[in-house]
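S.K.:
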Amino acid sequence: MLRGIDRAAFAVALVMRLRARGVQVGFTGAQDFVRALEVVPPDSRSRLYWSARVSLVRRHSELAAFDAVFAAVFDAAVLEMDPNARRRSLDSAAGGAEYATDHVPAAA
Numbered sequence: 088m089l090r091g092i093d094r095a096a097f098a099v100a101l102v103m104r105l106r107a108r109g110v111q112v113g114f115t116g117a118q119d120f121v122r123a124l125e126v127v128p129p130d131s132r133s134r135l136y137w138s139a140r141v142s143l144v145r146r147h148s149e150l151a152a153f154d155a156v157f158a159a160v161f162d163a164a165v166l167e168m169d170p171n172a173r174r175r176s177l178d179s180a181a182g183g184a185e186y187a188t189d190h191v192p193a194a195a
């Protein structure tokens, strides 16, 4: 998961989305998240979720906003976890022009 993706750029993009939703991610939040991804490789959505949540959320009151951002980024995404899911996503896209990974933050 996240193979071929610049993890630092990905972390910064996720932090920016979280801040836009009112989650007060600290100055070292993106760096902490990248380090967490090194320690706990994101080989599943669950591992990615918990690495992000533990690294980026400090207040219980911000959990709902974090969950909403995480869902917005990953619910429609298929990140090399299930080849059959990827095939279904591409087949169901309108004319093949839209892809399920369009909602994943791109490298900045």
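Quick note: to get my numbering, add 87 to the position in the sequence shown (first position is 1).
From the three backbone atoms N, C-alpha and C, an ideal C-beta is built for every residue, glycine too.
1. On the criterion of 16 or more Cβ atoms from any shown chain inside 10 Å, does Arg90 qualify as buried, or is it exposed?
2. Could you name the residues of the same chain whose beta carbon sits closer than 6 angstroms to that of Ser142, not counting the 5 residues immediately before and after it, in chain order?
3. With Arg108 and Ala155 assumed to form a contact (beta carbons below 8 angstroms), what rounded beta-carbon distance in angstroms separates them?
4. Quick one: measure Cβ to Cβ for Val110 and Val144, integer angstroms, because I've assumed they're closer than 8 angstroms.
5. Quick one: grab the DSSP three-state call for Leu143.
6. Locate the alpha helix (DSSP H) running through Arg122, then write down its first and last residues.
M.R.: If we stick to the structure as given:
1. exposed
2. Only Asp119, Phe120 and Ala123 meet the Cβ criterion.
3. Arg108 to Ala155, Cβ: 7 angstroms. Contact.
4. 6 angstroms
5. helix
6. From DSSP, the alpha helix (DSSP H) with Arg122 extends over Gly116 to Val126.
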